[in-house]
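Everything on this sheet refers to the single structure shown next.
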Amino acid sequence: MSPPRRLDSAHYGGRWGSAPVIVGTAAWNGLAFAPYQTWAFRRAELSAYAETPFRAPNGKRVTMAPIRTLPTRDSGAERLVPIATRTLTQLLTNLEELPPDATVALVLCLPERMGERTQEGFATQRRQVEKALVRLLEERDLRPVVHVVPRGHASLAFGLIEAGEALRSRKVDIALVGGVDTYYDPDVVQTLIDQQRIFDGENLDTFVGGEGAAFCALTRTDVAKRTKWPVLARLDTVATDVELATQDNDVPCMAAALTRAGRVVSERLREERRTLDWWLSDMTAEELRVHEFKLAWPRVAHDVMPPEATLEYLSECLGDLGAAAMPTGLAIAVEGMLRGDPGAATCLLTGSSAGGARGVVLLSREP
């Protein structure tokens, strides 16, 4: 018997009514402390990679893409809280002033280790990050509706489905959506060493951990006009699914979930006679991730992605950003489409969580 399908999706704009619009972005990572810098430094092929104090079993220092302005002795929540609060502050500063009567939602994407069944240490980190961000908003006289999504790399897609529906139903006027993550944590590093997943200078079937946060402000067009916010991009389609094959089992990876979610986007683009101009993937060098992407890419892109389209991987310069990967990709996509490099009218973001969650997000440049 075939496994049950878990595909979930939402379309906006076109025949589905008005689309939520992105009116602000913010990002901080090992490469840069703003979306524009992140976009520019990636274009210059700069790298955030550096040795850390952590040691691999072979005696070599673990390479990561850390934020080097943070104290090297800080780890876990000592890094997560300032990264998250500084980035959200950056977004709020860019927005200047929110309408006093607006209903605001905070959608926070977090790593899978901070889910419901988690170690007490990681549960404490989750509470600290959440409380710090809520306090930051309350200091600005905002009482946010909080929705936490601890689904790892694919969290943004799950969060945007919730945020998009809340905006469409007018339960919320503004959604602040983003994620934060770090691998700069002794417990996280030890777990990855035990799993032989973190790069130690020798094993190539691994990844380089990064850290960072990114947030975007999502709202309806009527709110954007009333507040005179610039419309930076449009949210067109979001889809999620669950892959049965993971690093922890022997199920053959057929890339079924990423393919199904991606085809939701492809079929819409084909129906509207548009092309997929830019694909930003969170793929790392891990064999399972590469295998999945090699299977999914042609299935998703063959009829909508022309030869001149751009395909890029976030981890090449930034390391694996975990729950912050897709939010960072969104910030980069907005910058790239605004500045015409690459010359894309559409951008697909994809995220694959270690636990099986898969997410895709289609953005469009505002005409």
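Residue numbers for the sequence shown follow our numbering, beginning at 243 and rising by one. All C-beta atoms, glycine included, are put in the ideal place defined by N, C-alpha and C.
In this structure, the CA atom of A307 is about 42 angstroms from the CA atom of R257.
Taking C-alpha positions only, V602 is separated from R382 by approximately 32 angstroms. Taking a cut-off of 8 angstroms on C-beta distances, the region 440-448 does not touch the region 482-497, as fewer than three cross pairs fall below it. Rounded to whole angstroms, the Cβ separation of I435 and P299 is 6 angstroms, and the two are in contact under 8 angstroms. Taken in chain order, the complete alpha helix (DSSP H) segments of 4 or more residues contained in the region 431-509 are 463-469.
Taking Y555 as the centre and dropping the five residues before and after it, the same chain places the C-beta of S523 and M525 closer than 7 angstroms to its C-beta, in chain order. Each of T314, T280, L337 and I309 was checked against the Cα of I264, and the nearest Cα belongs to L337. Per the coordinates, the alpha-carbon of V465 lies some 7 angstroms from the alpha-carbon of D415.
Linking W520 to P341 through their CA atoms gives a straight-line distance of about 34 angstroms.
A distance below 9 angstroms separates the beta carbons of L398 and V419. The three-state secondary structure of F275, taken from DSSP, is coil. Q438 counts as exposed, since fewer than 16 other beta carbons sit within 10 angstroms of its beta carbon. Boundaries of the beta strand (DSSP E) harbouring I416: I416 to T424, taken from the DSSP string.
V546 sits in coil when the DSSP states are folded into three classes, being neither helix nor strand. D427 counts as buried, since no fewer than 16 other beta carbons sit within 10 angstroms of its beta carbon.
The DSSP-derived three-state label of L590 is strand. C-alpha of G401 to C-alpha of Y278: approximately 24 angstroms in a straight line. For M306, DSSP records a beta bridge to A292 and G451. Out of T305, T366 and C351, the CA that lies nearest to the CA of S595 is found in C351.
Straight-line measurement puts the Cα of D343 at about 42 angstroms from the Cα of V542.
Within the same chain, and ignoring the five residues on either side of L409 in sequence, the residues whose Cβ sits closer than 8 angstroms to its Cβ are P262, D415, A417, L460, T461 and R462. Rounded to the nearest whole angstrom, the CA to CA distance from K302 to G561 is 18 angstroms. In this structure, the beta-carbon distance from L330 to F535 does not fall below 9 angstroms.
Within the same chain, Cβ atoms closer than 8 angstroms to the Cβ of R505 are found at R541 and V542, the five residues on either side in sequence being excluded. Annotation: L333 to A599 spans about 27 angstroms, alpha carbon to alpha carbon. Exclusion of the five residues before and after P353 leaves P392, G394, D423, G564 and A565 as the residues of its chain whose Cβ lies within less than 7 angstroms of its Cβ.
By DSSP's assignment, D383 forms no beta bridge with any residue.
If you draw a straight line from the Cα of G272 to the Cα of D316, it comes to about 15 angstroms. In the assembly as shown, P472 is an exposed residue. Its beta-carbon has fewer than 16 other beta-carbons within 10 Å.
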